[in-house]
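A short worksheet on the structure shown next.
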Amino acid sequence: MTIVDRNPSIEDFKAAATAFLDTQFERRSDEAFEWGKGDDRVGVLEEKSPDEEAIELAEAKAFKASEFDAGFGWITGPSEYGGSSLSAAHERAYREISSEYATPNQSMFGIGLGMVAPTILAHAIPEVRERYLRSMHRGDIVGCQLFSEPIAGSDLAGIQTKAVLDGDEWIVTGQKVWTSGAHYSDIGEIITRTDPEKPKHRGLTMLLVDMHAPGVEIRPLRQMTGGASFNEVFFDEVRVPTSHLLGDVDGGWSVALTTLMNERAAIGGGGGGVGTMSMTRFIELAKFLGCADDPITRQRLADIYIRGSVARFTNLRAMAKIRLGQLPGPEMSIAKLALTENMSLISQLLGEMLGPRMIADTGEWGTYAWNEFVLGVPGMRIAGGTDEVMRNIVGERVLGLPKEPKPA
Ligand SMILES: Cc1cc2nc3c(=O)[nH]c(=O)nc-3n(C[C@H](O)[C@H](O)[C@H](O)COP(=O)(O)OP(=O)(O)OC[C@H]3O[C@@H](n4cnc5c(N)ncnc54)[C@H](O)[C@@H]3O)c2cc1C
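Laid out in structure tokens, this is it:
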């Protein structure tokens, strides 16, 4: 059944969504959490073996396809590209309902759908939108973000990967780094330098590159948590059709800003530090360790919960602005900063509560497992713009402080 053609009321839509999810998945709830039962992993970054990852990806793709075919895959998207052309209220209703079900992990689609697809919709020509948006939202293909380079992260405009025009193709040569999910991605949004003579924010061009094209080499990077969720990606004269341009030639900086705003929104909306289920886990951990009655610990747990909620609401405010067609502003940076600050508070409290259990794996359920979370938090403080860069944005754009001096 598809709800695409009939512009349903929210109530009918909710009923259809519930019927769709009921046929496939169990409901999950906080009450269902039982200390000592099930998987005790609480990671921030993805820490899977290649086999686990392949299974998860296959499950996620199968779910995404069924969700899309039923009309719930891209609820607010334009129907010409496979969306259901429904309102943001329908979207919110579906998110709320689907979060109650034990659906497969969808995190591998986060960058593609949260950042690359909105950029394609905003900046690609209709043929390219037609070619990729439907299959991205159906989960048939996965996208990644190819921005950072060894010498250009916060100073993104300093990238050196070059693209040279050759007839109706761009030839891309250079190196990217920290590319999350490149190893299972099919397309990548890549920022390149097309005119080295222009000032660095100009002369940049955004392209959509086939990650399976000849000349693309992907090497995993192992992180301190043990996993390898991101990569170095090398481009050796990789050919990209000129139709796969995003925005204007030498106008890549403003395209990058679209993607980065969506990135901060995606990260800032990530549950305020620990998702609802993990907050339950966190409280159960305090009980297990006998700290739940300690007034200081209780106060800190409440503080973390409140800060998490504020981060979420700040993000919702920014998302509402986007839906009204307004440019998201510094709310994105505030939400991202609020999230990572909260994660640091969580890490600190975890360390104090767990003590040696944080670093010694005795096989006890639900204690050492938090080590993965704590080791992942510094990465979150860097990804999508570092805390320091976010503070600069808030200082300059919200508080009106003088701009930071630029190096010569
Ligand atoms: C988990 C994770 C996933 C990532 N995924 C991707 C991805 O998929 N695609 C991608 O392209 N990139 C990705 N990145 C890279 C990320 O975008 C960069 O790491 C980030 O932008 C910072 O750049 P950098 O590492 O070069 O650090 P640098 O920019 O060199 O910063 C080093 C230090 O200097 C500080 N600093 C820099 N500039 C200023 C300033 N103006 N004022 C004050 N302090 C400053 C920084 O805060 C930081 O502490 C990922 C990173 C992480 C951790």
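Under the numbering used here, the first residue of the sequence shown is numbered 5, with each subsequent residue one higher. We treat Cβ as the ideally placed atom computed from N, Cα and C, and that holds for glycine.
* **C-beta contact flag for G192 and L150 at 8 Å** => Position 188 of the sequence shown holds residue 192. Position 146 of the sequence shown holds residue 150. Yes, the Cβ-Cβ distance between G192 and L150 is below 8 Å.
* **Residues that DSSP places opposite E236 in a beta bridge** => Taking the first residue of the sequence shown as position 1, residue 236 is located at position 232. DSSP lists V181 and R223 as the bridge partner or partners of E236.
* **Which listed residue (E400, I101 and G333) has its alpha carbon closest to that of F17** => Position 13 of the sequence shown holds residue 17. Nearest C-alpha to F17: I101.
* Asked: Thinking just about the alpha-carbon of each residue, which of G230, L211, P200 and G185 is nearest to the one in I4?
  -> For the chain, the structure presents residues 5 to 412; residue 4 sits outside this window and is missing.
* Neighbourhood of M140 by C-beta distance below 7 Å, restricted to the same chain and skipping five residues each side -> Stepping through the sequence shown from its first residue, residue 140 is reached at position 136. Within the same chain, G116, L117, A121 and G147 come within 7 Å of M140 by CB-CB distance, once the 5 residues on both sides are set aside.
* Taking 8 Å as the cut-off, decide whether the C-beta atoms of E51 and T229 are in contact. => Locating residue 51 in the sequence shown gives position 47, counting from the first residue. Locating residue 229 in the sequence shown gives position 225, counting from the first residue. Yes.
* Asked: In whole angstroms, what is the alpha-carbon distance linking A23 and S70?
  -> Walking along the sequence shown from the start, residue 23 turns up at place 19. Walking along the sequence shown from the start, residue 70 turns up at place 66. Between the alpha carbons of A23 and S70 lies a gap of roughly 13 Å.
* Name, in chain order, the residues that DSSP records as bridge partners for K166. => Start at 1 with the first residue of the sequence shown, and residue 166 comes out as number 162. DSSP lists T177 and R197 as partners of K166.
* Asked: Just to confirm, are T196 and V253 a CB contact at a threshold of 8 Å?
  -> The count along the sequence shown starts at 1 and reaches residue 196 at position 192. The count along the sequence shown starts at 1 and reaches residue 253 at position 249. It is not a contact, given that the beta carbons lie outside the stated cut-off.
* Asked: Once you ignore the five residues that flank A126 on each side, which residues in its own chain have a CB closer than 6 Å to its CB?
  -> Taking the sequence shown and counting its residues from 1, one reaches residue 126 at position 122. Here the set comprises T262.
* Proximity to E335 [Cα-Cα], best of I397, I300, N375 and M283 -> Along the sequence shown, read from residue 1 onward, the residue named residue 335 stands at position 331. Checking every option, the nearest Cα to that of E335 belongs to I397.
* In this structure, what does DSSP give as the bridge partners for R243? -> As a working note, residue 243 is residue 239 in the sequence shown. Its beta-bridge partners are I175.
* Any heavy atom of ligand 1 closer than 7 Å to the Cβ of L150? -> Locating residue 150 in the sequence shown gives position 146, where the first residue counts as 1. Within the cutoff, so yes.
* Taking the C-alpha atoms as reference points, what is the distance between G275 and E134? -> Here residue 275 refers to the residue found at position 271 of the sequence shown. Here residue 134 refers to the residue found at position 130 of the sequence shown. A caution first: G275 carries a pLDDT of 45, below 50, which makes its placement in the model too unreliable to give a value.
* To do: Mind reading off the beta-carbon distance from M119 to N11? Whole number of angstroms is fine, and I expect it under 8 Å.
  => In the sequence shown, the residue the question calls residue 119 occupies position 115. In the sequence shown, the residue the question calls residue 11 occupies position 7. In fact, because the Cβ distance is near 29 Å, the residues do not count as touching under 8 Å.
* Report the residue from P382, P360, G380 and G383 whose alpha carbon sits nearest the alpha carbon of Y372. => As a position in the sequence shown, residue 372 is number 368, starting the count at 1. The residue with the shortest Cα to Cα distance from Y372 is P360.
* **Alpha carbon of A324 to alpha carbon of A92, nearest angstrom** => Along the sequence shown, one-based indexing puts residue 324 at 320. Along the sequence shown, one-based indexing puts residue 92 at 88. Rounded to the nearest angstrom, the two C-alpha atoms are 9 Å apart.
* Evaluate I59 with the Cβ neighbour count: other Cβ atoms within 10 Å of its Cβ, from every protein chain shown; 16 or more gives buried, anything less gives exposed. => Numbered from 1 along the sequence shown, position 55 holds the residue referred to as residue 59. I59 comes out exposed.
* **Counterpart residues of Y105 in DSSP-defined beta bridges** => Here residue 105 is taken as the residue at index 101 of the sequence shown, counted from 1. In the DSSP output, where bridge partners are listed per residue, Y105 has R31.
* Exposed or buried, what is I124 when buried is set at 16 or more other beta-carbons lying within 10 Å of its beta-carbon? -> Along the sequence shown, one-based indexing puts residue 124 at 120. Burial call: buried.
* Asked: Does the Cβ of W257 lie closer than 7 Å to at least one heavy atom of ligand 1?
  -> Locating residue 257 in the sequence shown gives position 253, where the first residue counts as 1. Taking the Cβ of W257 as the reference point, every heavy atom of ligand 1 lies at 7 Å or farther away.
* Just the C-alpha distance for A20 and T165, rounded to the nearest angstrom, thanks. => Residue numbering aside, residue 20 sits at position 16 when the sequence shown is read from its first letter. Residue numbering aside, residue 165 sits at position 161 when the sequence shown is read from its first letter. Rounded to the nearest angstrom, the two C-alpha atoms are 47 Å apart.
* To do: Just the C-alpha distance for S189 and E57, rounded to the nearest angstrom, thanks.
  => In the sequence shown, counting from the first residue as 1, residue 189 sits at position 185. In the sequence shown, counting from the first residue as 1, residue 57 sits at position 53. Between S189 and E57, the C-alpha separation is close to 13 Å.
* CB-CB length for A161 against Q110, believed under 8 Å -> In the sequence shown, residue 161 corresponds to position 157, counting from 1. In the sequence shown, residue 110 corresponds to position 106, counting from 1. Going by Cβ atoms, the distance from A161 to Q110 rounds to 32 Å, so no, they are not a contact pair.
* Considering only residues of the same chain and omitting the five flanking positions on each side of G77, which have a CB-CB separation below 7 Å? -> Sequence index remark: in the sequence shown, residue 77 carries index 73 (1-based). Around G77: K68, E71, H141 and R142.
* Which residues mark the beginning and the end of the alpha helix (DSSP H) in which L358 is found? -> As a working note, residue 358 is residue 354 in the sequence shown. Counting along the chain, the alpha helix (DSSP H) containing L358 begins and ends at E335 to L358.
* Rounded to a whole number of angstroms, what is the C-alpha to C-alpha distance between D159 and G231? -> The count along the sequence shown starts at 1 and reaches residue 159 at position 155. The count along the sequence shown starts at 1 and reaches residue 231 at position 227. In this model, D159 and G231 are separated by some 27 Å (Cα to Cα).
* To do: Compute the minimum distance between the beta carbon of F234 and the heavy atoms of ligand 1, and state whether it is under 7 Å.
  => What you label residue 234 is simply residue 230 of the sequence shown in a count that begins at 1. Answer for F234: yes, Cβ within range of ligand 1.
* Near ligand 1: L49 beta-carbon under 7 Å from a heavy atom -> Locating residue 49 in the sequence shown gives position 45, where the first residue counts as 1. L49: yes, Cβ under 7 Å from ligand 1.
* Asked: Below 8 Å between beta carbons: does that hold for T344 and R385?
  -> Taking the sequence shown and counting its residues from 1, the one referred to as residue 344 is at position 340. Taking the sequence shown and counting its residues from 1, the one referred to as residue 385 is at position 381. In this structure, R385 lies closer than 8 Å to T344 by Cβ.
* To do: Could you check if K180 is buried or exposed, using at least 16 other CB atoms within 10 Å of its CB as the buried criterion?
  => As a first step, residue 180 must be located in the sequence shown, where it is residue number 176. Classified as buried, K180 has 16 or more neighbouring CB atoms from the shown chains inside 10 Å of its CB.
* Asked: Which of helix, strand or coil does DSSP assign to D307?
  -> For the purposes of this step, residue 307 is taken as the residue at position 303 of the sequence shown. Per DSSP, reduced to three states, the secondary structure at D307 is helical.
* Is the beta carbon of M362 sitting closer than 8 Å to the one on L293? -> Position 358 of the sequence shown, counting from 1, holds the residue named residue 362. Position 289 of the sequence shown, counting from 1, holds the residue named residue 293. No.
* So which of I194, I163, A322 and E376 has the shortest CA-CA distance to V3? -> The structure shown does not extend to residue 3, since the chain is modelled only from 5 through 412, so no value can be given for it.
* Asked: In three-state terms, what does DSSP make of G231?
  -> As a position in the sequence shown, residue 231 is number 227, starting the count at 1. Note: G231 maps to coil in three-state DSSP.
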